[in-house]
């Protein structure tokens, strides 16, 4: 059940990453590109989680540490893109932002639902849940930013949401690292 769910969530996230990159490039949106990077990092993590499923608890903790680190690394990439667009300027399309974010929110809601059905989730499944919740929150931020971009005719709401998505990603990475660290200490005390 876990393996099948992770494969479905992985496929959905790869599709979302491609869609975010395409609409972000077309709509000149930092927030959409940021979510594309976030979904790409999520995909890497889901792949690592799939690999770790049949491994020992030590492997699972290691995979979670890699996942958390990747998320923090991708957050740095998102910040760079927002800075680049701030310096170089951008002209995001609010309607494209809103449409893509609503589509992605629906897909992320499906991912949250699928992952919530799993019983006794390990550290990697909990990481996957963190990613899906973070993505859902970021999508709502993009809807708001897209509305402000369309209404005000300026790029700053797009840039702000790009930076917020980076913050959400970094916080999620830190949370996953903490969870893996807690699992390590639990294993040391139980001898696993």
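In the working numbering, the protein residues as written are 243 to 434.
Idealized CB from N, CA, C, for every residue including glycine.
Point to revise | N-terminal and C-terminal residue of the alpha helix (DSSP H) that residue 350 is part of | key: In the chain shown, residue 350 corresponds to position 108, counting from 1. 336-358 is the span of the alpha helix (DSSP H), which, as asked, contains residue 350.
Point to revise | Backbone secondary structure at residue 399 - three-state DSSP | key: Here residue 399 corresponds to residue number 157 of the chain shown, with the count starting at 1. It is helical.
Point to revise | Whether residue 333 touches residue 397 by CB criterion (8 Å) | key: Along the chain shown, read from residue 1 onward, the residue named residue 333 stands at position 91. Along the chain shown, read from residue 1 onward, the residue named residue 397 stands at position 155. Yes; because the gap between Cβ atoms is below 8 Å, this pair is in contact.
Exercise for review: Would you decide whether residue 337 is buried or exposed? Buried here means 16 or more other CB atoms lie within 10 Å of its CB.
Suggested key: If you number the chain shown from 1, residue 337 lands on position 95. Exposed, since its Cβ has fewer than 16 Cβ neighbours within 10 Å.
Check your understanding: residue 278: which of 407, 355, 391, 288 sits nearest, CA to CA?
Key -> For the purposes of this step, residue 278 is taken as the residue at position 36 of the chain shown. It is 407.
Point to revise | Residue range of the unbroken alpha helix (DSSP H) whose run includes residue 331 | key: The sequence position of residue 331 within the chain shown is 89, counting from 1. From DSSP, residue 331 is part of no alpha helix (DSSP H); its letter is neither H nor E.
Review point. Cα-Cα, which of 303, 409, 354 is closest to residue 424?
Key: Here residue 424 corresponds to residue number 182 of the chain shown, with the count starting at 1. If we check each option's Cα against that of residue 424, 303 comes out closest.
Review point. Got a sec, what are the start and stop residues for the alpha helix (DSSP H) residue 255 sits in?
Key: Here residue 255 refers to the residue found at position 13 when the chain shown is read from its first residue. First-last of the alpha helix (DSSP H) with residue 255: 244-269.
Review point. Expressed to the nearest angstrom, what Euclidean distance is found between the alpha-carbon atoms of residue 361 and residue 326?
Key: Working through the chain shown from its first residue, we reach residue 361 at position 119. Working through the chain shown from its first residue, we reach residue 326 at position 84. Rounded to whole angstroms, residue 361 to residue 326 spans 43 Å at the Cα level.
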